[in-house]
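**Q** Got a structure for you, written out below as C-alpha cells; questions coming shortly.
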Amino acid sequence: MKPIPAIRIILFLLPVLLLTNLSAQTERVIILEVNTTDIENPNVNDFCNFQGQDPQVSNEDYTVEANLGDTIIWRGVSTSSPDHTVEIRAINHQGNRGGRDIFGSNKLSGENGEVRGTIINRTEAGTDYKYKIQFRVYIDGSRKRGTFNIDPKIRVVGQ
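Just so you know, we're using the numbering used here here: the sequence shown kicks off at 5 and counts up by one.
Okay, structure coming up:
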C-alpha cells in the first residue's frame, strides 16, 4: 500500500476548511445606550439609541443585518452614570408587522440583564423582522418606574 503524499491531503482539506470558515456563525452584540437619568415614557426614543447608530436613523428604522445561524445578544448601558443599570428584559416579535418569527419563539426572555437569540428561520426576501425590546432602568440599585420599549428591525441576509 502506498502512503498518500502530504500535499494531496492538504489540497483536499484546504477547500473544506475555507468553506467551513465562510459559513461560520457570528455573535452580534447590540448595545442599547440609554440616558438613564432623563428617560421617561412615552418619549423613550428621545433618550436612547444603539451604539454606532447613524444619527439620521430613528430607533424604529435602525436595522441589524444578520445571517441564518447568527446569535444576537442585546445589552443595555447607561450613558448617564456607571452606577445606573439598563436591564434588557425581553425581545418580542411584532406579529405580522415584519415577517415571520426568525428565532423560533415569539418572545425571548432576558437573563442577567441581556437577551440572546439564535436565528433559525429566514425572513421573506426584502422583509425586515420587526421586534420590540423591553427594558428597565435602575438608578443606584433602585428601579425607575415603568418598563420601556423600542422597536427596531433585523434583516436576515445571505440567504
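Even for Gly, the Cβ is constructed at its ideal location relative to N, Cα and C. Quick caveat, the model's predicted, so the values are computed rather than measured.
What separation, rounded to the nearest whole angstrom, lies between the Cα atoms of Gly145 and Val119?
**A** Roughly 20 Å between the two C-alpha positions.
**Q** Roughly how many angstroms lie between the CA atoms of Tyr135 and Gln98, to the nearest whole one?
**A** The straight-line gap from Cα to Cα measures roughly 5 Å.
**Q** For Ile124, does the count of other Cβ atoms within 10 angstroms reach 16, so buried, or fall short, so exposed?
**A** The residue in question, Ile124, is exposed, as its Cβ has fewer than 16 Cβ neighbours within 10 Å.
**Q** Among Ser82, Phe107, Asp74, Trp78, which residue has its Cα nearest to the Cα of Thr41?
**A** Checked all of Ser82, Phe107, Asp74, Trp78; the closest Cα to Thr41 is Ser82.
**Q** Taking just the CA atoms, how far does Asp74 sit from Thr151?
**A** If I take the Cα positions, the gap works out to 28 Å.
**Q** Would you call Thr127 buried or exposed, if buried means 16 or more other Cβ atoms sit within 10 Å of its Cβ?
**A** Counting Cβ neighbours within 10 Å, Thr127 comes out buried, since at least 16 surround it.
**Q** Could you tell me the distance, in whole angstroms, from the CA atom of Arg93 to the CA atom of Lys148?
**A** For Arg93 and Lys148, the distance between alpha carbons rounds to 14 Å.
**Q** Residue range of the beta strand (DSSP E) that Ser113 falls in?
**A** First-last of the beta strand (DSSP E) with Ser113: 111–113.
**Q** Using alpha carbons as the reference points, say which of Val61, Ala70, Glu37, Thr30 lies closest to Val90.
**A** That would be Glu37, whose Cα lies nearest to the Cα of Val90.
**Q** To the nearest whole angstrom, what separates the beta carbons of Tyr133 and Ile106, a pair I think is in contact under 8 Å?
**A** 5 Å between Cβ atoms; contact.
**Q** Go through its chain and collect everything with a Cβ distance to Asn39's Cβ below 6 Å, but skip five positions before and after it.
**A** These residues qualify, in order along the chain: Phe51, Thr83, Ser84.
**Q** Using 8 Å as the threshold, is the C-beta distance between Ile95 and Leu72 below it?
**A** In this structure, Leu72 does not lie closer than 8 Å to Ile95 by Cβ.
**Q** Take Ala139 as the anchor and find which of Val160, Glu31, Gly80, Thr122 has the nearest alpha-carbon.
**A** Before going on, a small fix: residue 139 reads as Phe here, not Ala. Taking only the C-alpha atoms, the option nearest Phe139 is Gly80.
**Q** Got a sec, what are the start and stop residues for the beta strand (DSSP E) Ile143 sits in?
**A** Taken as a continuous stretch (DSSP letters only), the beta strand (DSSP E) holding Ile143 covers 133–143.
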